[in-house]
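Read the structure below first, then the notes.
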Amino acid sequence: MPRNSIITLTSDFGLQDHFVGTMKGVMVSINPDLAFVDITHSVQPFDVFDAALSLAQAYSYFPSGTVHLVIVDPGVGTARRPIVASTEKYHFVAPDNGVLSLVYEREERLSVRSISAEHYFLQPLSNTFHGRDIFSPIAAYLSKGVDPARMGGEVTDFVRFAAPRPKSAGNGNLRGVVLKVDRFGNLITNITARDAPGLFRTDPPPFKISVGRREVTAIRSAYAEGAAGEVFAIIGSMGFLEIAANRGAASKLVEATKGMDVMLLLEDAAGRRPESLPGD
Amino acid sequence: MPRNSIITLTSDFGLQDHFVGTMKGVMVSINPDLAFVDITHSVQPFDVFDAALSLAQAYSYFPSGTVHLVIVDPGVGTARRPIVASTEKYHFVAPDNGVLSLVYEREERLSVRSISAEHYFLQPLSNTFHGRDIFSPIAAYLSKGVDPARMGGEVTDFVRFAAPRPKSAGNGNLRGVVLKVDRFGNLITNITARDAPGLFRTDPPPFKISVGRREVTAIRSAYAEGAAGEVFAIIGSMGFLEIAANRGAASKLVEATKGMDVMLLLEDAAGRRPESLPGD
Amino acid sequence: MPRNSIITLTSDFGLQDHFVGTMKGVMVSINPDLAFVDITHSVQPFDVFDAALSLAQAYSYFPSGTVHLVIVDPGVGTARRPIVASTEKYHFVAPDNGVLSLVYEREERLSVRSISAEHYFLQPLSNTFHGRDIFSPIAAYLSKGVDPARMGGEVTDFVRFAAPRPKSAGNGNLRGVVLKVDRFGNLITNITARDAPGLFRTDPPPFKISVGRREVTAIRSAYAEGAAGEVFAIIGSMGFLEIAANRGAASKLVEATKGMDVMLLLEDAAGRRPESLPGD
Numbered sequence: 143m144p145r146n147s148i149i150t151l152t153s154d155f156g157l158q159d160h161f162v163g164t165m166k167g168v169m170v171s172i173n174p175d176l177a178f179v180d181i182t183h184s185v186q187p188f189d190v191f192d193a194a195l196s197l198a199q200a201y202s203y204f205p206s207g208t209v210h211l212v213i214v215d216p217g218v219g220t221a222r223r224p225i226v227a228s229t230e231k232y233h234f235v236a237p238d239n240g241v242l243s244l245v246y247e248r249e250e251r252l253s254v255r256s257i258s259a260e261h262y263f264l265q266p267l268s269n270t271f272h273g274r275d276i277f278s279p280i281a282a283y284l285s286k287g288v289d290p291a292r293m294g295g296e297v298t299d300f301v302r303f304a305a306p307r308p309k310s311a312g313n314g315n316l317r318g319v320v321l322k323v324d325r326f327g328n329l330i331t332n333i334t335a336r337d338a339p340g341l342f343r344t345d346p347p348p349f350k351i352s353v354g355r356r357e358v359t360a361i362r363s364a365y366a367e368g369a370a371g372e373v374f375a376i377i378g379s380m381g382f383l384e385i386a387a388n389r390g391a392a393s394k395l396v397e398a399t400k401g402m403d404v405m406l407l408l409e410d411a412a413g414r415r416p417e418s419l420p421g422d
Numbered sequence: 143m144p145r146n147s148i149i150t151l152t153s154d155f156g157l158q159d160h161f162v163g164t165m166k167g168v169m170v171s172i173n174p175d176l177a178f179v180d181i182t183h184s185v186q187p188f189d190v191f192d193a194a195l196s197l198a199q200a201y202s203y204f205p206s207g208t209v210h211l212v213i214v215d216p217g218v219g220t221a222r223r224p225i226v227a228s229t230e231k232y233h234f235v236a237p238d239n240g241v242l243s244l245v246y247e248r249e250e251r252l253s254v255r256s257i258s259a260e261h262y263f264l265q266p267l268s269n270t271f272h273g274r275d276i277f278s279p280i281a282a283y284l285s286k287g288v289d290p291a292r293m294g295g296e297v298t299d300f301v302r303f304a305a306p307r308p309k310s311a312g313n314g315n316l317r318g319v320v321l322k323v324d325r326f327g328n329l330i331t332n333i334t335a336r337d338a339p340g341l342f343r344t345d346p347p348p349f350k351i352s353v354g355r356r357e358v359t360a361i362r363s364a365y366a367e368g369a370a371g372e373v374f375a376i377i378g379s380m381g382f383l384e385i386a387a388n389r390g391a392a393s394k395l396v397e398a399t400k401g402m403d404v405m406l407l408l409e410d411a412a413g414r415r416p417e418s419l420p421g422d
Numbered sequence: 143m144p145r146n147s148i149i150t151l152t153s154d155f156g157l158q159d160h161f162v163g164t165m166k167g168v169m170v171s172i173n174p175d176l177a178f179v180d181i182t183h184s185v186q187p188f189d190v191f192d193a194a195l196s197l198a199q200a201y202s203y204f205p206s207g208t209v210h211l212v213i214v215d216p217g218v219g220t221a222r223r224p225i226v227a228s229t230e231k232y233h234f235v236a237p238d239n240g241v242l243s244l245v246y247e248r249e250e251r252l253s254v255r256s257i258s259a260e261h262y263f264l265q266p267l268s269n270t271f272h273g274r275d276i277f278s279p280i281a282a283y284l285s286k287g288v289d290p291a292r293m294g295g296e297v298t299d300f301v302r303f304a305a306p307r308p309k310s311a312g313n314g315n316l317r318g319v320v321l322k323v324d325r326f327g328n329l330i331t332n333i334t335a336r337d338a339p340g341l342f343r344t345d346p347p348p349f350k351i352s353v354g355r356r357e358v359t360a361i362r363s364a365y366a367e368g369a370a371g372e373v374f375a376i377i378g379s380m381g382f383l384e385i386a387a388n389r390g391a392a393s394k395l396v397e398a399t400k401g402m403d404v405m406l407l408l409e410d411a412a413g414r415r416p417e418s419l420p421g422d
């Protein structure tokens with residue numbers, strides 16, 4: 143048994159209210175030996191995919207035995223189920239609304255249970271704050287080593303959605319999307335090196351990325367390699383293609399936001415340079 | 143003795159400066175075994191009641207032995223006293239400016255001491271950051287088990303204010319106030335189920351709540367039960383009547399902010415529907 | 143050996159992304175017994191001096207053995223070196239870009255090493271997130287007691303800049319600068335009591351401070367001593383002259399921001415009152 147159990151927290155609760163502190167109080171009352179790590183509480187309110195993305199980028203860096211608590215729960219108080227998903231290394235505690243979809247995508251062996259053992263819940267049970275009354279105590283008992291099998295039966299019909307994948311736009315071109323704008327204004331797209339292997343060769347062919355008001359034709363391997371004011375492509379720390387700038391916010395320079403289309407035009411098989419979009 | 147002592151922090155210091163980190167450094171230098179839980183540092187600057195409210199919603203969820211440190215201290219450097227208020231389960235460390243008023247209201251047995259034992263303070267003592275120089279070391283020594291009686295004499299003239307209570311507006315109608323707007327845009331009022339028991343029956347009589355630019359006539363038991371764009375009443379997780387919307391910010395929909403009046407009109411004894419405010 | 147090792151974190155990563163949580167996951171995987179204290183993650187993006195300032199105000203309050211991790215790293219992925227600077231009490235882990243300059247200024251005995259022992263790094267090593275792949279593991283191994291001598295050779299040509307010092311403007315007058323605006327709107331200048339000892343006597347001579355749109359002629363020893371709407375000078379908790387207001391934001395009242403000039407005019411030797419700037 144590890145000396146300190148770790149519970150990570152990912153939520154849309156923000157830090158301006160008492161919500162997160164209250165949940166930690168509940169958990170530390172059940173397991174005084176645990177340590178918390180906040181992944182983020184700034185998930186866009188009610189945005190299940192945004193939470194899924196933050197969790198996916200962080201969870202695998204934690205030690206075996208970590209409990210990942212994820213609460214973006216627009217359906218609180220309704221029939222949506224609380225679940226615990228367990229892998230060989232981790233437990234994930236969340237509402238069954240798809241917020242664990244990227245975990246399901248990445249983890250091969252996974253057992254998902256619908257939590258029904260109400261004696262673990264806080265009483266009286268509210269209809270509006272299951273983070274406090276259901277999810278926190280469940281996470282804390284898991285961190286103490288309680289077997290998830292004691293919390294509810296296994297289910298296979300849990301909610302999951304497919305992460306948005308870039309789509310072929312003909313001639314090896316790709317139509318992707320901005321998944322997220324990070325703190326620095328980098329635009330995180332859903333295009334990976336695997337989707338566009340040519341782009342990440344040592345000597346890539348000419349390409350053009352259309353996003354927001356700009357066409358990007360340069361690729362850099364470090365942010366600091368960009369010239370002043372230049373907007374360029376780069377492979378970010380999670381393997382996604384990013385649109386970035388050196389000491390500047392690409393999001394402002396290209397006037398792009400989350401959800402916007404990203405069109406990647408690669409030199410075609412005939413060696414023609416990517417001049418325009420098909421159908422332009 | 144618990145293995146890890148817990149100190150919670152509630153302040154208006156924000157997270158953009160070094161203030162909170164510095165205080166934790168002071169505390170962990172005195173008691174290396176303690177663990178911190180932030181309740182919030184986003185209390186409105188100088189807003190003693192806002193801090194009182196966040197603390198009141200969170201403190202009772204912590205284990206026995208927790209020290210609750212609360213610093214909203216516009217009077218720092220003046221004669222206002224540092225105090226420690228002790229109940230059977232907790233110590234509360236704060237400036238004597240009323241920030242513990244809701245604790246005084248909720249706790250029956252309470253001993254309040256004026257902290258005068260300067261040998262616990264950091265030296266040199268600043269006039270501008272008693273959070274670091276007085277309150278943090280006091281909290282840390284309490285977490286190590288130092289008896290508060292060694293810190294100063296008991297006082298009974300501590301500053302307290304009454305939480306704003308809804309007022310009768312005739313015919314069982316109530317005039318309340320928006321105490322707070324939370325992260326999701328829910329308007330937390332000062333009206334409780336006890337103030338308006340009829341409203342929270344299984345089959346409530348017709349009612350009308352005027353707040354901001356809207357009249358609210360529906361009550362829901364879960365956020366997700368609201369229709370798209372609907373603004374409704376709900377009992378929140380701390381027992382207060384909230385004005386809310388499903389996956390939306392009621393504060394924007396009704397254009398209401400903290401401090402605004404909330405008028406609750408109930409069907410009167412004669413069964414007449416609440417058409418208008420008295421005097422309209 | 144202390145029971146819990148402490149790592150503090152200072153960065154420009156913000157809290158809305160997964161960055162900080164991921165780094166903590168890396169560290170706690172290496173050293174399960176450590177505790178984290180965030181100093182701030184709200185350093186202005188890429189602003190090395192802003193980080194240096196926050197760190198300088200906090201680090202000395204931590205217990206011996208603390209590892210201070212500081213990441214503002216616009217040069218990530220380039221040849222800028224990762225370094226560890228060690229004093230008798232602390233290790234500082236940072237990119238070699240001057241972010242430790244104020245530590246170098248304050249600490250007399252200091253050994254700085256260029257980190258080259260790649261077997262401590264996370265693999266695969268990204269070009270865009272050395273906070274996760276290099277700095278976090280190094281900090282964690284230091285917290286476990288690994289000797290920094292095993293991480294790389296000593297260097298003396300580390301990057302350092304001089305903190306901006308107030309300049310003489312003749313007649314004992316000083317031209318300083320606003321280093322920072324804190325959460326409360328206080329303007330932190332680079333003028334210390336040592337720079338203007340006359341100002342901080344019990345009975346200071348007449349003076350005038352020009353900043354933004356205001357001339358400040360009052361000095362107070364506590365924020366609460368200011369009259370309503372008054373803007374005054376005060377010595378802040380780190381020894382810097384601040385321009386402040388009682389329960390108000392001086393930054394708004396004087397319309398001043400970070401980087402603005404602050405002109406301090408003292409009564410001259412001949413006892414003439416400070417009417418105007420030289421050359422006005």
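Here the protein sequences line up with chains A, B and C, keeping their order.
The working numbering numbers the first residue of the first sequence as 143 and each following residue consecutively.
The working numbering numbers the first residue of the second sequence as 143 and each following residue consecutively.
The working numbering numbers the first residue of the third sequence as 143 and each following residue consecutively.
C-beta: ideal position from N, C-alpha, C; glycine also.
Residue nearest to residue i in terms of C-alpha spacing, selected from the options
i: residue 323 of chain B; options: A:200, A:164, A:150, A:159; result: A:159
i: residue 317 of chain C; options: C:231, C:341, C:405; result: C:405
i: residue 372 of chain B; options: B:294, B:302, B:390, B:210; result: B:390
i: residue 202 of chain B; options: A:206, A:171, A:293; result: A:171
i: residue 364 of chain A; options: A:379, A:180, A:300, A:352; result: A:379
i: residue 200 of chain B; options: A:167, A:374, A:208; result: A:167
i: residue 388 of chain B; options: A:327, A:326, A:217, A:336; result: A:217
Residue-level contact to chain A via CB, residue i, 9 Å cutoff
i: residue 204 of chain B; result: yes
i: residue 207 of chain C; result: no
i: residue 324 of chain C; result: no
i: residue 240 of chain C; result: no
i: residue 429 of chain B; result: The first residue shown for chain B is 143 and the last is 422, placing residue 429 of chain B beyond what the model contains.
i: residue 388 of chain B; result: yes
i: residue 351 of chain C; result: no
Local Cβ density within 10 Å of residue i, reported as buried at 16 or more and exposed below that
i: residue 156 of chain C; result: buried
i: residue 384 of chain B; result: buried
i: residue 370 of chain B; result: exposed
i: residue 339 of chain A; result: exposed
i: residue 273 of chain B; result: buried
i: residue 238 of chain A; result: buried
i: residue 231 of chain C; result: exposed
i: residue 420 of chain C; result: Caution applies to residue 420 of chain C, whose pLDDT of 43 falls short of 50 and renders its modelled position unreliable; the value that the coordinates give is listed next. Exposed, by the Cβ-count rule.
i: residue 399 of chain C; result: exposed
Beta carbon proximity, residue i to chain B, threshold 9 Å
i: residue 321 of chain C; result: no
i: residue 345 of chain A; result: no
i: residue 400 of chain A; result: no
i: residue 279 of chain C; result: no
i: residue 183 of chain C; result: yes
i: residue 158 of chain C; result: no
i: residue 276 of chain C; result: no
Residue-chain proximity (residue i, chain C), Cβ-Cβ < 9 Å
i: residue 407 of chain A; result: no
i: residue 180 of chain A; result: yes
i: residue 162 of chain B; result: yes
Boundaries (first-last residue) of the beta strand (DSSP E) holding residue i
i: residue 254 of chain C; result: 253 to 256
i: residue 147 of chain A; result: 147 to 153
Residue span of the alpha helix (DSSP H) that contains residue i, given as start and end
i: residue 396 of chain B; result: 392 to 396
Requested in this report: Return the chain-ordered ranges of every beta strand (DSSP E) run that is complete within the region 315 to 379 of chain C and spans a minimum of 3 residues.
Outcome: 316 to 323, 329 to 334, 349 to 353, 356 to 358, 373 to 377
Query raised in the report: In chain order, which continuous runs of the beta strand (DSSP E) of length 3 or greater are located wholly inside the region 170 to 243 of chain C?
Result: 177 to 182, 209 to 213, 224 to 228, 233 to 237
Query - Length-filtered (3 minimum) beta strand (DSSP E) runs lying within the region 265 to 323 of chain A - result: Annotation: the region 265 to 323 of chain A contains the following complete segments of the beta strand (DSSP E) (minimum length 3 residues), in chain order: 316 to 323.
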